[in-house]
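Numbering (my numbering), first residue to last: 558 to 831.
Data first, discussion second: the structure below is written as structure tokens.
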Amino acid sequence: MEKSLFDLIKETENYIKSRVEKMPEIAVILGSGLGNLVDHMDVVAELPYKEIPNFPISTVAGHAGKLIFGNLGGKYIMAMQGRFHYYEGYDMKQVTFPVRVMKSLGVNTLFVSNAAGGMNKEFRVGDVMIITDQINLFPENPLRGRNFEELGPRFPSMTEAYSHELIKKADEIALEENIRIMHGVYVGTTGPTFETPAEYEYFRIIGGDAVGMSTVPEVIVANHSGMRCFGVSVITDLGGKDILIPPSHEEVTKAAETAQPVMTKIIKKLLERI
């Protein structure tokens, strides 16, 4: 007999609780080239994804594939060092399964980070963009199918997908630290191809500032679960009809690593204030 989503969540929750003594209320998902945030953590426990029941395995270079528990910015948190993507062949339920488990463990605030391509003409490579909203261009919504009221409402609101309060606090930190911070709308696409110049222009015309292959499904499920979200994109490449330099995964990872200290400072100080 096939296990229900509830059974899978509970099984994973029980395993994690058997390995880790204390559960956090805050979780952070780290994207491509952004895993070094954990170097700043006082680590209490690490669980490789391959050992966690029902967890997919990250197949992307630059994604370590570990669930890490520890202290950062004076807060006890859980960090996903590496995430799962639709383009890897997982369905949306698998991509967002860790967010379901986080909620079950007691997480109420989710931080998401990613490497993204910028089409806003004001952006520069290495900029950090606070995500103010998102556009879902994935062919499947993670909430499609039967809805379980215990997990969230059938028709959840996405009016404030990203917490206005947390965005305001991050802006205050950037001002105090004299950090160049951008704001924008994140467009989520399937990948794994990088965008064509025409696609970059299209995403800009429909209201996007940056584009990537993750985050959107996770934030949809987090909102469905009643979590508040804060998101940052590191602008690792630029695209459009006037940009002729093709991006590569290696260049994206390198640019993300260069911008990492700024993202780390913002997240660390934001944790101190919530």
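C-beta: ideal position from N, C-alpha, C; glycine also.
For N665, three-class secondary structure by DSSP: Against the sequence shown, residue 665 aligns to sequence position 108. Coil.
Kindly identify the DSSP beta-bridge partner or partners of H740. In the sequence shown, residue 740 corresponds to position 183, counting from 1. Paired residue(s): I687.
Is E697 near the ligand SAH, going by C-beta to nearest heavy atom under 8 Å? For the structure depicted, the ligand SAH is absent and the ligand set is empty, with no information on it obtainable.
Simplified DSSP assignment, three categories, for T815: As a working note, residue 815 is residue 258 in the sequence shown. It is helical.
Buried/exposed call for P551, threshold 16 Cβ in 10 Å: Any answer about residue 551 is impossible in this case: the structure gives the chain only from 558 up to 831.
Taking the alpha-carbon positions, what's the V773 to T653 distance? Residue 773 sits at position 216 when you count from the first residue of the sequence shown. Residue 653 sits at position 96 when you count from the first residue of the sequence shown. Distance between the alpha carbons of V773 and T653 is about 10 Å.
Does the beta-carbon of A755 have 16 or more other beta-carbons within 10 angstroms, so that it is buried, or is it exposed? Looking up residue 755 in the sequence shown gives position 198. A residue is called buried once 16 or more other Cβ atoms fall within 10 Å of its Cβ, and A755, having fewer, is exposed.
Just list the alpha helix (DSSP H) runs in the region 771-797, keeping only unbroken ones of 4 residues or longer that don't cross its boundaries, in chain order. 773-781
From the DSSP output, read off the bridge partner residues of K623. Here residue 623 refers to the residue found at position 66 of the sequence shown. Its beta-bridge partners are P605, Q638.
For T569 versus P605, is the C-beta distance shorter than 9 Å? Residue numbering aside, residue 569 sits at position 12 when the sequence shown is read from its first letter. Residue numbering aside, residue 605 sits at position 48 when the sequence shown is read from its first letter. No, these two residues do not count as a Cβ contact at 9 Å.
Beta-carbon spacing of V595, A636 below 9 Å: Stepping through the sequence shown from its first residue, residue 595 is reached at position 38. Stepping through the sequence shown from its first residue, residue 636 is reached at position 79. Contact flag set, yes.
Please work out which residues of its chain come closer than 8 Å, Cβ to Cβ, to G627, disregarding the five sequence neighbours upstream and downstream, and give them in chain order. Locating residue 627 in the sequence shown gives position 70, counting from the first residue. Counting only Cβ-Cβ distances below 8 Å, and skipping sequence neighbours, we find V595, M598, D599, V600, V601, A602, Y633, I634, A636.
Within 10 angstroms of its Cβ, does F712 collect 16 or more other Cβ (buried), or is it exposed? Position 155 of the sequence shown, counted from the start, is the residue given in the question as residue 712. So F712 ends up on the exposed side.
Just checking, does the region 646-665 make contact with the region 725-740 on the three C-beta pairs under 8 Å criterion? With the cut-off at 8 Å, the region 646-665 and the region 725-740 do not touch.
In whole angstroms, give me the CA-to-CA distance for K726 and F641. As a working note, residue 726 is residue 169 in the sequence shown. As a working note, residue 641 is residue 84 in the sequence shown. Each residue's alpha carbon lies about 29 Å from the other.
For K811, which of S589, Y719, K825, D766 has the nearest alpha-carbon? Position 254 of the sequence shown, counted from the first residue, corresponds to residue 811. Looking at S589, Y719, K825, D766, the one whose alpha-carbon comes closest to that of K811 is S589.
DSSP state of I824, grouped into three classes? Counting from one through the sequence shown, the residue named residue 824 turns up at place 267. It is helical.
Euclidean distance between Cα positions of I730 and G630: Counting from one through the sequence shown, the residue named residue 730 turns up at place 173. Counting from one through the sequence shown, the residue named residue 630 turns up at place 73. Going by the C-alpha atoms only, they are around 13 Å apart.
Could you check where the alpha helix (DSSP H) with L562 kicks off and where it finishes? Walking along the sequence shown from the start, residue 562 turns up at place 5. Taken as a continuous stretch (DSSP letters only), the alpha helix (DSSP H) holding L562 covers 562-576.
Beta-bridge pairing of D599 - partner residues as DSSP gives them: Stepping through the sequence shown from its first residue, residue 599 is reached at position 42. Answer by DSSP bridge pairing, in chain order: N628.
Alpha carbon to alpha carbon, how far is C786 from R657? By one-based count along the sequence shown, residue 786 stands at place 229. By one-based count along the sequence shown, residue 657 stands at place 100. Taking the straight line from one Cα to the other gives about 14 Å.
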